[in-house]
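Accompanying notes for the structure given below.
Protein chains: 4
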Amino acid sequence: MDVVEFQPAFEEYAFTFGGVAPVRRVAPGSALRLWSDDAFCGALRAVTDLSSEKVDLRYVNPQTGPFYVEGAEPGDTLALHLVSLEPARDWGASAHIPFFGGMTSTDRVVTLQDPLPDTTYIYELNRARGTVTFAARHGDLRIDLPVEPMLGTVGVAPAGGEVRSSLVPDRFGGNMDTPQMRAGATCYLGVNVDGALFSVGDGHYRQGEGEACGTAVEGAMTTTVLVELVKGGAPPWPRIEDDTHWMTVGSSRPLEDAWRIGQSELVHWFGELYGLHAMDAYQLLSQITEAPIANVVDANYSAVVKARKALLPTAAAYGGLHEELRRRAASLF
Amino acid sequence: MDVVEFQPAFEEYAFTFGGVAPVRRVAPGSALRLWSDDAFCGALRAVTDLSSEKVDLRYVNPQTGPFYVEGAEPGDTLALHLVSLEPARDWGASAHIPFFGGMTSTDRVVTLQDPLPDTTYIYELNRARGTVTFAARHGDLRIDLPVEPMLGTVGVAPAGGEVRSSLVPDRFGGNMDTPQMRAGATCYLGVNVDGALFSVGDGHYRQGEGEACGTAVEGAMTTTVLVELVKGGAPPWPRIEDDTHWMTVGSSRPLEDAWRIGQSELVHWFGELYGLHAMDAYQLLSQITEAPIANVVDANYSAVVKARKALLPTAAAYGGLHEELRRRAASLF
Amino acid sequence: MDVVEFQPAFEEYAFTFGGVAPVRRVAPGSALRLWSDDAFCGALRAVTDLSSEKVDLRYVNPQTGPFYVEGAEPGDTLALHLVSLEPARDWGASAHIPFFGGMTSTDRVVTLQDPLPDTTYIYELNRARGTVTFAARHGDLRIDLPVEPMLGTVGVAPAGGEVRSSLVPDRFGGNMDTPQMRAGATCYLGVNVDGALFSVGDGHYRQGEGEACGTAVEGAMTTTVLVELVKGGAPPWPRIEDDTHWMTVGSSRPLEDAWRIGQSELVHWFGELYGLHAMDAYQLLSQITEAPIANVVDANYSAVVKARKALLPTAAAYGGLHEELRRRAASLF
Amino acid sequence: MDVVEFQPAFEEYAFTFGGVAPVRRVAPGSALRLWSDDAFCGALRAVTDLSSEKVDLRYVNPQTGPFYVEGAEPGDTLALHLVSLEPARDWGASAHIPFFGGMTSTDRVVTLQDPLPDTTYIYELNRARGTVTFAARHGDLRIDLPVEPMLGTVGVAPAGGEVRSSLVPDRFGGNMDTPQMRAGATCYLGVNVDGALFSVGDGHYRQGEGEACGTAVEGAMTTTVLVELVKGGAPPWPRIEDDTHWMTVGSSRPLEDAWRIGQSELVHWFGELYGLHAMDAYQLLSQITEAPIANVVDANYSAVVKARKALLPTAAAYGGLHEELRRRAASLF
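Here is the structure:
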């Protein structure tokens with residue numbers, strides 16, 4: 445299989461979902477190898493680089509894309525299988541951006557208090573050991589943490605002619621910021637416009653659930669992704685499948701509504717997968733779901749609801765597409 | 445070590461935290477073996493037993509206790525180590541109670557819609573295989589699920605002279621409904637009144653995160669618990685420690701505020717454990733916390749925030765009390 | 445009509461709803477003239493008195509009561525008609541209490557930010573002109589504002605054996621903090637325990653809707669109240685009737701749920717008052733309700749939903765009790 | 445003064461803020477007389493017209509505009525003074541749209557319950573008496589209600605290249621659905637793009653605060669509006685001034701965050717108007733603000749925070765622009 449490589453120049457980045465012309469056309473079945481910059485556009489390179497001084501808030505969370513998927517029409521299902529995520533720099537950055545994050549007032553959760561101190565953390569990457577290093581700024585503690593690469597942002601153009609900031613997660617995917625979006629996962633998104641116009645970005649070398657301070661270990665990333673198209677069957681909200689779990693992602697405020705969306709979407713998906721009546725799926729899932737919070741910091745909060753396949757009878761979504769994509773991914777190397 | 449056994453008669457149950465005279469006095473260091481009824485007081489024994497007909501809502505979530513811990517004073521820390529949780533019946537029950545649960549309007553999230561159909565599910569326990577069996581009510585699907593016993597409710601008397609329903613989770617613990625409250629866990633609670641007056645109940649043979657339908661696989665439980673007292677150091681909100689994780693539990697509405705409480709409490713705990721400045725703890729935890737939702741159905745919603753010990757330097761809470769309790773627990777058998 | 449006068453000594457104050465023995469027994473039809481201290485127990489008397497230094501948080505929002513209403517049983521309706529509210533001191537106090545209020549993080553909406561500066565404002569009362577004077581602390585601006593006395597807190601003992609802090613509004617009334625609770629209003633509360641055990645307190649010489657900073661112009665108050673009892677008919681949530689409006693008060697978090705409760709309660713009340721089908725009441729009220737926020741600072745937030753009588757056909761609640769109480773009130777003077 | 449008249453053809457309607465070419469260019473100082481269709485595009489004309497059958501959800505809330513204001517640049521302040529709002533049809537329509545509204549689960553507040561029955565209400569307009577008539581669908585009650593025309597939607601193109609559905613209220617204004625947007629009001633909006641690109645629509649012949657069922661008495665409207673431009677001074681969120689009040693409008697979820705935005709914006713505006721320190725403005729506004737809920741049904745909820753000018757010293761916003769526009773409006777007739 446050929447792999448299409450794409451590394452955008454700065455002026456090629458997209459900062460919205462929708463409203464941007466595609467950078468490439470790709471056929472279903474394509475493999476792409478995409479370079480994405482970090483959410484700060486690489487502006488934070490030392491602890492002395494403060495987000496309030498170095499980051500232009502009009503240009504954050506740059507997206508690599510959008511890609512026009514040939515044949516994709518509204519109502520179809522786009523499947524994006526993440527084959528691999530490789531850190532593309534030797535360091536990641538995180539920052540306590542003033543009035544941004546989960547443990548501070550923000551432009552939406554407004555108070556009259558002063559902001560937390562703008563602070564930058566640089567995490568050195570050790571490729572050999574597969575670690576990034578936390579280094580305290582107010583003490584000497586240093587901790588090596590495993591690299592667990594993920595993409596904060598995967599999405600398509602929204603419905604209804606909307607154009608949304610790349611900071612927003614919603615039905616179209618976007619800035620969901622869940623650690624579940626990692627190599628080995630297949631993300632299913634409903635197509636809203638011809639060509640789907642998907643993009644990816646916001647690589648994280650690792651991130652805790654909730655993304656408490658608003659920024660993960662943000663890092664440039666090289667992502668290899670397989671693109672497939674299923675005619676019809678557009679899920680109302682993003683779904684993720686990996687080898688072990690069925691997952692849905694809801695995004696809204698307050699956080700319980702994000703969870704409600706995720707839980708309800710999984711109830712309906714279980715109707716498709718197992719022929720379960722909604723009341724039975726509701727009951728079963730009440731006893732087996734895992735519900736890791738994704739983010740409590742973005743324009744919408746996101747919650748993942750997931751069910752472990754090993755607890756369940758065998759089932760196949762979209763004709764067993766995930767397994768097929770796993771096979772194709774294995775053949776890439 | 446002697447083990448104090450206690451099985452309450454119905455009239456000995458407590459339905460509140462606070463406001464009830466203790467059933468026993470126990471010394472710190474005691475081991476208790478406690479029988480607790482299920483949240484329905486055992487009223488649902490067949491799928492034809494409907495919660496709207498059989499459950500007296502004035503008598504739900506019965507608590508075994510309260511126990512007066514000798515020497516406990518306000519400001520102290522009560523440590524409850526769960527040694528073992530053993531299903532005390534051969535079946536558990538779950539129900540879609542009208543206007544109760546996470547996928548329905550409720551008395552707090554009010555709409556004018558009709559309730560979901562009142563439906564009862566009975567889960568047969570197979571002790572040999574360690575499973576309970578989900579049986580669809582609108583189809584033939586049956587699924588054996590692993591028994592993973594936990595306690596929905598662990599708490600002490602509230603502060604400020606308050607008396608709270610056993611359905612409520614808050615600073616005093618209570619109905620947190622997290623699967624983390626399982627054998628091997630030590631729960632730390634701040635003492636608000638002389639004797640602490642703790643109680644336990646609401647056994648679940650298993651429960652998904654979120655407890656979506658409002659009821660788990662509810663079952664009578666035999667709980668063996670070690671009681672310890674630390675003078676001073678009362679945590680503002682419940683903490684849980686097990687062999688693998690440091691955990692905090694926040695309970696409030698909306699759900700993001702439950703998470704905020706948990707995240708903030710872990711930041712402060714990390715200050716104690718590792719001497720970390722709050723900004724550094726905030727940063728570190730942003731990259732490593734797991735954030736499983738506990739419940740989105742009770743009077744307050746609960747979220748757990750947890751950090752994996754294996755990622756971190758060695759540290760000891762409360763003088764290594766958890767390890768000590770693990771040792772004592774091992775010696776019980 | 446005799447008027448029972450009661451001015452509590454400090455040790456006679458109640459700081460909870462429920463859990464306190466009655467200070468007096470009163471017969472339905474009684475008139476009471478009650479003295480209540482301000483929410484700070486009178487501790488803030490000059491701008492140099494800081495809440496963080498002078499206020500003992502275990503003793504805030506003192507309630508005058510509870511009163512045992514003879515014949516009141518669970519399921520009955522207690523009617524409290526506010527005849528007059530008279531400032532009982534020549535000044536009121538307000539304070540920006542650290543981590544309390546609507547424009548700051550709190551113990552429930554937790555952030556890691558520093559608190560706002562603890563600041564006290566003293567409002568001099570001019571009885572002749574009927575004003576209290578705002579005096580800026582960071583400038584020279586002084587503004588005379590009309591005195592518009594109200595009670596922040598009116599409530600009964602809760603159901604289910606609960607005891608709640610006097611800072612909490614809920615089904616039992618309590619700390620609703622709505623300017624609608626003023627002279628001329630009749631408040632209807634469902635009775636949960638024998639004798640109802642109502643109390644009043646938290647006088648405000650005036651308050652904006654939302655009570656943004658968490659404290660109004662807090663002042664000692666002399667309240668004249670008529671007590672009546674309606675057998676049966678307990679409303680699930682507080683209702684208020686005055687000469688111009690039908691009102692309901694919902695209290696919960698998030699604020700939309702407080703509003704939902706209020707809106708739904710008014711839909712159901714309109715069923716009683718006008719025989720309207722719920723869908724018709726829903727429609728009609730969608731076009732006529734006023735929805736002033738009461739408080740966004742207490743343990744539960746409160747919202748008032750009200751409908752103007754002048755827009756509607758004549759109707760009588762509880763047999764025209766409000767009009768009857770207005771007549772009796774007029775005869776008191 | 446010339447008055448520019450504009451009645452769009454259907455294909456000229458905008459269904460988004462942003463993303464649409466202007467229909468006209470207008471100079472600051474212009475008067476416009478604009479026809480807008482109702483939110484249903486006129487599809488509901490009888491009670492037998494059901495929203496689920498007649499309304500194409502891709503084409504709801506049509507906007508008249510956008511208008512390009514000459515000289516308007518990002519950072520400027522657009523002032524729109526509503527001179528008059530005249531019902532343009534002899535009836536208005538309201539509907540209980542399935543899964544839309546405040547007393548039902550929705551696509552964001554998801555439950556598994558059935559929807560409320562889709563029901564349409566037609567309100568006949570009596571121009572002579574200035575009333576619309578509520579007619580019960582499940583009984584005989586008919587009530588004449590005063591016509592109080594308002595615009596649900598007034599907004600400009602969003603910042604950051606976003607394009608938002610006309611159903612959304614946010615910083616750019618949009619679907620705020622507040623009864624305060626009536627004749628005599630001046631709305632100030634921050635300009636985000638060259639020309640501002642404002643539009644108006646969603647006429648309501650009357651609406652209750654909260655817009656509980658999701659739809660007001662929706663009606664085609666003829667709006668006369670004066671357009672002015674202030675260089676610089678862009679308010680972060682919409683402001684409204686009329687002869688009696690200073691007002692701000694916040695829009696977010698949960699509802700308390702909409703209120704927080706409004707309250708905070710008024711604090712900051714009072715800094716401009718009266719030179720008040722933020723702590724003093726916070727205190728003063730805590731005692732005088734009115735806080736009517738606007739909507740609890742749209743993609744963001746909206747709350748108005750307002751302060752009565754009569755309580756305050758004289759002040760002028762934007763150089764007394766509102767008074768000037770009132771004078772010009774008077775000269776129009």
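Respectively, the protein sequence lines represent chains A, U, E and P. For the first sequence, the positions run 445 to 777 when this note's numbering is used. For the second sequence, the positions run 445 to 777 when this note's numbering is used. For the third sequence, the positions run 445 to 777 when this note's numbering is used. For the fourth sequence, the positions run 445 to 777 when this note's numbering is used. Here a beta-carbon is modelled for each residue, glycine too, at the ideal position from N, C-alpha and C. All values reported here derive from a predicted model rather than from experimental measurement.
Using beta-carbon distances, A:E606 counts as an interface residue toward chain P, with a partner under 7 angstroms. Contact of U:S496 with chain A is not assigned, every C-beta pair being separated by 7 angstroms or more.
Here the alpha carbon of A:T659 sits roughly 15 angstroms from the alpha carbon of A:P561. A Cβ of chain P is located within less than 7 angstroms of the beta carbon of U:T548.
From the beta-carbon of P:P518, no residue of chain U is found nearer than 7 angstroms; the closest lies around 32 angstroms away. For U:P590, the closest alpha carbon among the candidates U:T622, U:G652, U:D584, U:G763 is that of U:G652. Sixteen is the threshold: since fewer than 16 other Cβ atoms of the shown chains lie within 10 Å of the Cβ of P:P757, the residue is exposed.
A residue is called buried when at least 16 other Cβ atoms come within 10 angstroms of its Cβ; E:Y503 does not meet this threshold and is exposed. For a Cβ distance threshold of 8 angstroms, residue set P698 of chain E lies close to A:P698, ordered along the chain. In this structure, U:L769 and U:L670 form a Cβ contact; the two beta carbons are roughly 5 angstroms apart against a cut-off of 8 angstroms. Within the same chain, Cβ atoms closer than 7 angstroms to the Cβ of A:P466 are found at P510, F511, Y512, G639, L641, the five residues on either side in sequence being excluded. Secondary structure remark: continuous beta strand (DSSP E) runs of at least 3 residues inside the stretch 561–607 of chain A, in chain order: 563–570, 575–579, 586–590, 594–599.
P:T668 sits close to P:R477, with the two beta carbons spaced by under 7 angstroms. Of all residues in the stretch 551–571 of chain U, only V553, V554, T555, L556, Q557, D558, P559, L560 come within less than 8 angstroms of chain P when Cβ atoms are compared, listed by chain position.
Under DSSP, P:R683 shares a beta bridge with P:Y632, P:T692. Here the stretch 692–711 of chain U lies against the stretch 609–629 of chain U, with 3 or more beta-carbon pairs under 8 angstroms apart.
Looking at the backbone, the Cα of E:A629 and that of E:H525 are separated by about 6 angstroms. The criterion of a C-beta distance shorter than 7 angstroms is not satisfied by U:S538 and U:M665.
For the set A:R581, A:L494, A:T555, A:A490, the Cα lying nearest the Cα of A:G536 is the one of A:A490.
Rounded to whole angstroms, U:D686 and E:N739 show a C-alpha spacing of 40 angstroms. Exclusion of the five residues before and after P:F450 leaves V467, R468, L476, R477, L478, W479, T508 as the residues of its chain whose Cβ lies within less than 8 angstroms of its Cβ. Annotation: Cβ neighbours of E:R704 in chain U (cutoff 8 angstroms, chain order): V553, V554, T555. Straight across, the Cα-Cα distance linking A:H648 with A:I587 is about 17 angstroms. Close CB contacts of A:E716 within its chain, under the 8 angstroms cut and outside five residues either way in sequence, are with A761 (chain order). The residues P472, L673, in chain order, have a CB closer than 7 angstroms to that of P:G515 in the same chain once the five nearest residues on each side in sequence are set aside.
Closer than 7 angstroms to the CB of P:T460 there is at least one CB belonging to chain A. A direct Cα-Cα distance of roughly 9 angstroms separates P:A601 from P:T460. Taking a 10 Å sphere around the C-beta of E:R615, we find 16 or more other C-beta atoms and assign the residue as buried. Of U:P679, U:K753, U:D558, the smallest CA-CA separation from U:Y718 is found for U:K753. If you check the CB distance, E:S746 and E:P613 come in under 7 angstroms.
For E:R608, the CB contacts under 8 angstroms within the same chain, skipping 5 residues up- and downstream, are T460, F461, G462, P602, D614, F616, G618 in chain order. For U:F544, the number of other beta carbons within 10 angstroms of its own is at least 16, and it is reported as buried. Contact note: U:I732 reaches chain A through L589, G652, using a C-beta cutoff of 7 angstroms and chain order. Given a length threshold of 3 residues, each whole run of the beta strand (DSSP E) inside the stretch 734–760 of chain A is given here in chain order: 737–739, 745–752. Within chain A, the residues whose beta carbon sits less than 8 angstroms from that of P:R502 are G604, listed in sequence order. Here E:S474 is buried. Its C-beta has 16 or more other C-beta atoms within 10 Å.
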